[in-house]
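**Student:**
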Amino acid sequence: MTSDTAAWGMRGMAVAPHSLAAQSAVAVLRDGGNAIEAMVAAAASIAVVYPHMNSIGGDAFWLIHSPGETPRAIDACGTAGALATPSFYREQRVDAIPFRGGVAACTVAGTVAGWALALDYSRTALNGRLPLSRLLADAIHYARHGIPVTKSQHETTAAKLDGLRGQPGFDETFLDTGDVPRVGTPFLQPRLAATFQQLASAGLDDFYRGDIARSMARDLAAIGSPLTIDDLAHHRAGWRTPLVLSHSRGSIYNLPPPTQGVVSLMILGILDMLDIGATDANGADYVHLCVEAVKQAFAVRDRHVTDPAYMTEDAQDFLAREHIEALAARIDRRCAAPWGAGKGPADTIWMGVIDGSGRAVSFIQSLYHEYGAGVVLRESGINWQNRGCSFSLDESALNVLRPGRKPFHTLNPALALLDDGTTMVYGNMGGDGQPQTQSAVFTRCAIFGMNPQAAVAAPRWLLGRTWGETSDTLKLESRFDPAVVDELRARGHAVEVIGAYDAAVGHAGAILRDSSGVLRGGSDPRSDGGVAAW
1248 MTSDTAAWGM RGMAVAPHSL AAQSAVAVLR DGGNAIEAMV AAAASIAVVY PHMNSIGGDA
1308 FWLIHSPGET PRAIDACGTA GALATPSFYR EQRVDAIPFR GGVAACTVAG TVAGWALALD
1368 YSRTALNGRL PLSRLLADAI HYARHGIPVT KSQHETTAAK LDGLRGQPGF DETFLDTGDV
1428 PRVGTPFLQP RLAATFQQLA SAGLDDFYRG DIARSMARDL AAIGSPLTID DLAHHRAGWR
1488 TPLVLSHSRG SIYNLPPPTQ GVVSLMILGI LDMLDIGATD ANGADYVHLC VEAVKQAFAV
1548 RDRHVTDPAY MTEDAQDFLA REHIEALAAR IDRRCAAPWG AGKGPADTIW MGVIDGSGRA
1608 VSFIQSLYHE YGAGVVLRES GINWQNRGCS FSLDESALNV LRPGRKPFHT LNPALALLDD
1668 GTTMVYGNMG GDGQPQTQSA VFTRCAIFGM NPQAAVAAPR WLLGRTWGET SDTLKLESRF
1728 DPAVVDELRA RGHAVEVIGA YDAAVGHAGA ILRDSSGVLR GGSDPRSDGG VAAW
């Protein structure tokens, strides 16, 4: 598939940042599975084959749509442990929650509970019948027999090695006799294979209330984590009502807080108000308006978005037409507004599946930073997330640490139901870059009419930081016309030119299903991904 040619299908399609995960999903569809079952298979596989970007020791969020029904969402976000208090960290003599190590592993891993809840719905509402052993089969095989190390895994491990080497369990799991594994060499995870096998036999609940839970609790305690067996036992994923933006092209859905889904929707609402379709999809006016919309939406996020139990506003109200109009009115079409600092890096995967019946899933799974806390549990081989380091120890902060509190999440999978009958699932990894790339992929597909592969591959930008980046400049891929770069600088943007297909802008993907059932998909050439179609 060339960089601008979409994949086609009719009976099912999956996109993932590693091609083996997309193939796992379509294999399940071929075996009679539905989109949810296919996504669980892909989620298990991606946790094995792309370990630097996600893990079953992390969190996840789902958007699920069946034709004729309103989309529904799953929040599979873990909370801070009962012992994870500001006083606990003061005893560690730190001013902020560390990015790495056992004390960074302070929130429950929620993703497996999300799989379980989605599969319950699959069985009761979608006639899902495939056994868990089938859905986890590829993940078990890849973990037990190995997968070739990707360029992304090699480069990420090398770039972040100084902060990861020596963390509990990291070296023996992710290094090859102390060195970064070479691209293409087999990478085996036998302990993780055994963990998946146990889940396949005992059921997903074992992760929270069974033998695996007890094993994880022992290992978490041994590395100094404040998480306990009770924290795992109390965890449940939950159904949520998605946020919805009324757009000139249709209805766009995303996750409510604690995710920044409202940010992605605000940006698209602002761009709709500004008639973004009247610009050139690769021109200075287009990029400028997209970047300025980001600044307005991020300002709302940084004042308000946190665990919804601690919010005083309803996030849906931020998507009201009058609020979007007010934000759009603040944008100067010729001059860049001041910009402060972003939220920082994130490592994540986004995947999409649409089956032959039109049932669609937009899914995101994450560890937060690359390799999360950098710790690997001795018995289970599970790499644990460091999502809790997004909490603040400052009592006056919006996201101050509290036991049982959900951390702020940059994660936000997207789904659109367009007025012409098209269903679109799309998303990407990359912290602050997620809502920015979503604006690019959606507008290029839904407004400019680009096919999803061309939309995903086209030159992108990033305002602020994301995984692997620490500067807050406006980064532009070098494929932008130099005249566009010059014009954006003239408007006051602090522009930094980066690589032609630079991973800093994230790994994106999209699938569109039109009213006739034809599927088109695009995966990111910046990743190791692919589209699998049937």
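Numbering-wise (our numbering), the sequence shown opens with residue 1248 and increments by one.
No residue lacks a Cβ here, since even glycine has one placed at the ideal position from N, Cα and C.
Whole-angstrom Cβ separation of residue 1475 and residue 1329, contact assumed at under 8 Å?
**Tutor:** That belief holds up - the Cβ atoms of residue 1475 and residue 1329 are roughly 7 Å apart, short of 8 Å.
**Student:** What is the residue span of the alpha helix (DSSP H) that residue 1397 lies within?
**Tutor:** That residue, residue 1397, is in no alpha helix (DSSP H); it is neither H nor E in DSSP.
**Student:** What are the start and end residues of the alpha helix (DSSP H) that includes residue 1571?
**Tutor:** Segment 1568-1576, the alpha helix (DSSP H) holding residue 1571.
**Student:** Give me whichever residues DSSP pairs with residue 1612 in a beta bridge.
**Tutor:** Bridge partners of residue 1612: 1307 and 1596.
**Student:** Taking the C-alpha atoms as reference points, what is the distance between residue 1297 and residue 1614?
**Tutor:** Their Cα atoms are separated by approximately 11 Å.
**Student:** Check for me: the alpha helix (DSSP H) holding residue 1284 runs from which residue to which?
**Tutor:** Start and end: 1282-1296.
**Student:** Put residue 1315 into one of helix, strand or coil per three-state DSSP.
**Tutor:** Residue state, collapsed to three classes: coil.
**Student:** Suppose the cutoff is 6 Å on Cβ atoms and the five residues either side in sequence are ignored; what does the same chain contact list for residue 1503 look like?
**Tutor:** Counting only Cβ-Cβ distances below 6 Å, and skipping sequence neighbours, we find 1487, 1490 and 1562.
**Student:** Whole angstroms is fine: what's the gap from residue 1581's alpha carbon to residue 1551's?
**Tutor:** Whole-angstrom Cα-Cα distance: 28 Å.
**Student:** Measuring CA to CA, which of 1425, 1442 and 1517 is closest to residue 1542?
**Tutor:** Closest by alpha carbon: 1517.
**Student:** When DSSP labels each residue in this structure, what does residue 1715 get in the three-state scheme?
**Tutor:** Only weak support exists for where residue 1715 lies, its pLDDT of 47 falling under 50; the value from the coordinates is given anyway. Looking at residue 1715 - three-state DSSP - the assignment turns out to be coil, as it is neither helix nor strand.
**Student:** In this structure, does DSSP put residue 1603 in helix, strand or coil?
**Tutor:** Of the three classes helix, strand and coil, the one that applies to residue 1603 here is coil, per DSSP.
**Student:** Could you name the residues of the same chain whose beta carbon sits closer than 8 Å to that of residue 1394, not counting the 5 residues immediately before and after it, in chain order?
**Tutor:** Result list for residue 1394: 1267, 1295, 1296, 1433 and 1434, in chain order.
**Student:** Could you name the residues of the same chain whose beta carbon sits closer than 6 Å to that of residue 1240, not counting the 5 residues immediately before and after it, in chain order?
**Tutor:** Nothing about residue 1240 can be read from this structure; the chain reaches only from 1248 to 1781.
**Student:** In this structure, how does DSSP classify residue 1622 when only helix, strand and coil are distinguished?
**Tutor:** Correct three-state label for residue 1622: coil.
**Student:** What distance in whole Å lies between the Cβ atoms of residue 1325 and residue 1570, which are believed to be in contact at a cut-off of 8 Å?
**Tutor:** No, residue 1570 and residue 1325 are not in contact; Cβ-Cβ is about 31 Å, not under 8 Å.
**Student:** Specify the secondary structure class of residue 1434 as computed by DSSP and reduced to three states.
**Tutor:** Residue 1434 falls in the strand class under three-state DSSP.
**Student:** May I have the straight-line CA-CA distance separating residue 1823 from residue 1335, to the nearest angstrom?
**Tutor:** Here the chain has residues from 1248 to 1781 only, and residue 1823 is not among them.
**Student:** Whose CA, out of 1756, 1286 and 1676, lies closest to the CA of residue 1362?
**Tutor:** When only C-alpha atoms are compared, the closest one is 1286.
**Student:** How many Å lie between residue 1305 and residue 1462 at the Cα?
**Tutor:** Between residue 1305 and residue 1462, the C-alpha separation is close to 17 Å.
**Student:** To the nearest whole angstrom, what separates the beta carbons of residue 1337 and residue 1620, a pair I think is in contact under 8 Å?
**Tutor:** Going by Cβ atoms, the distance from residue 1337 to residue 1620 rounds to 19 Å, so no, they are not a contact pair.
**Student:** Do the CB positions of residue 1757 and residue 1769 come within less than 9 Å of each other?
**Tutor:** Contact flag set, yes.
**Student:** Rank 1710, 1622, 1724 and 1567 by C-alpha distance to the C-alpha of residue 1302 and give the top, closest one.
**Tutor:** When only C-alpha atoms are compared, the closest one is 1622.
**Student:** For the segment 1720-1733 against the segment 1525-1536, are there 3 or more C-beta pairs whose distance is under 8 Å?
**Tutor:** Yes, since at least three Cβ pairs between the segment 1720-1733 and the segment 1525-1536 fall closer than 8 Å, the two stretches touch.
**Student:** For residue 1765, does the count of other Cβ atoms within 10 angstroms reach 16, so buried, or fall short, so exposed?
**Tutor:** When all chains shown are included, residue 1765 counts as exposed.
**Student:** Going by Cα to Cα distance, which pick from 1641, 1507 and 1269 is closest to residue 1677?
**Tutor:** Minimum Cα distance to residue 1677 is reached at 1507.
**Student:** Hey, is the segment 1651-1665 in contact with the segment 1491-1501, meaning 3+ C-beta pairs nearer than 8 Å?
**Tutor:** With a cut-off of 8 Å, the segment 1491-1501 and the segment 1651-1665 count as touching, because enough Cβ pairs lie within range.
**Student:** Just to confirm, is the Cβ distance from residue 1316 to residue 1377 under 9 Å?
**Tutor:** No, these two residues do not count as a Cβ contact at 9 Å.
**Student:** Go ahead and pull the three-state DSSP assignment for residue 1673.
**Tutor:** Reduced to three states, the DSSP call for residue 1673 is strand.
**Student:** Quick check on the DSSP output: the beta strand (DSSP E) that includes residue 1520 runs from which residue to which?
**Tutor:** Taken as a continuous stretch (DSSP letters only), residue 1520 belongs to no beta strand (DSSP E), being part of the alpha helix (DSSP H) at 1508-1520.
**Student:** By Cβ distance, which residues of its chain are closer than 6 Å to residue 1759, with the 5 residues on each side in sequence left out?
**Tutor:** Only 1669, 1671, 1699 and 1767 meet the Cβ criterion.
**Student:** Rounded to a whole number of angstroms, what is the C-alpha to C-alpha distance between residue 1575 and residue 1470?
**Tutor:** Between residue 1575 and residue 1470, the C-alpha separation is close to 49 Å.
**Student:** What runs of the beta strand (DSSP E), each 3 residues or longer, lie entirely inside the segment 1528-1554?
**Tutor:** Counting only runs of 3 or more, we get nothing.
**Student:** Given this structure, state the Cα-to-Cα distance separating residue 1467 from residue 1649, to the nearest angstrom.
**Tutor:** So the alpha carbons of these two residues sit roughly 19 Å apart.
**Student:** Cutting at 8 Å between CB atoms, please list the residues of its own chain near residue 1523, excluding the five before and the five after it.
**Tutor:** So the list reads 1533, 1536, 1537, 1690 and 1694, once near-sequence residues are dropped.
**Student:** Are there 16 or more other CB atoms within 10 angstroms of the CB of residue 1339, so buried, or fewer, so exposed?
**Tutor:** When all chains shown are included, residue 1339 counts as exposed.
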